Amino acid sequence: MNDFLFVFRNDPTVMPGLSPEELQSSMQQWMDWIGGIAAQGKLIDRGNRLANEGNVVRPSQVVTDGPYIETKESVGGFIMVRAESLAEATDMAKGCPILLAGGNVEVRPIIRM
Numbered sequence: 001m002n003d004f005l006f007v008f009r010n011d012p013t014v015m016p017g018l019s020p021e022e023l024q025s026s027m028q029q030w031m032d033w034i035g036g037i038a039a040q041g042k043l044i045d046r047g048n049r050l051a052n053e054g055n056v057v058r059p060s061q062v063v064t065d066g067p068y069i070e071t072k073e074s075v076g077g078f079i080m081v082r083a084e085s086l087a088e089a090t091d092m093a094k095g096c097p098i099l100l101a102g103g104n105v106e107v108r109p110i111i112r113m
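For the sequence shown, full-length UniProt numbering assigns the number 1 to the initial residue and increments by one for each residue that follows.
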């Protein structure tokens, strides 16, 4: 088994436009999806949501506001899963609710050092 990181990206302007009912439905979809991965014994870390604000430290100690480079997409959170292969991890990611809201999931193998 290998470990994988799922990085969730979406348009940060989408969530504030949802009604309370839509937010509750979205949260339930996330809990069901993550719960299904956990039920298979393949969830390593539930991860967390990430705040929109932040800083980026670049070479020469240059610090810029925000983790974004003029994009309509931001990293919203992450989880870690265990799978036999990148293909299996990718199949797990295909059920992610963020895809229903126009977001995407980056699936990356974790190389332990």
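Each residue gets a CB set at the ideal place from its N, CA and C atoms; glycine is no exception.
Only a predicted model underlies this, so the values are computations on that prediction, with no experimental measurement involved.
The beta-carbon distance between ASP3 and MET80, rounded to whole angstroms, is 6 Å. This is short enough to meet the 8 Å contact definition. Taking a C-beta distance under 8 Å as the contact criterion, VAL57 and LEU86 do not qualify as a contact pair.
Closest by C-alpha distance to ARG46, out of GLY103, VAL75, ALA38, is ALA38.
DSSP places ALA101 within a helical segment (H, G or I) once states are collapsed to three. For ASP65, the closest C-alpha among the options ASN55, SER74, PRO59 is that of ASN55.
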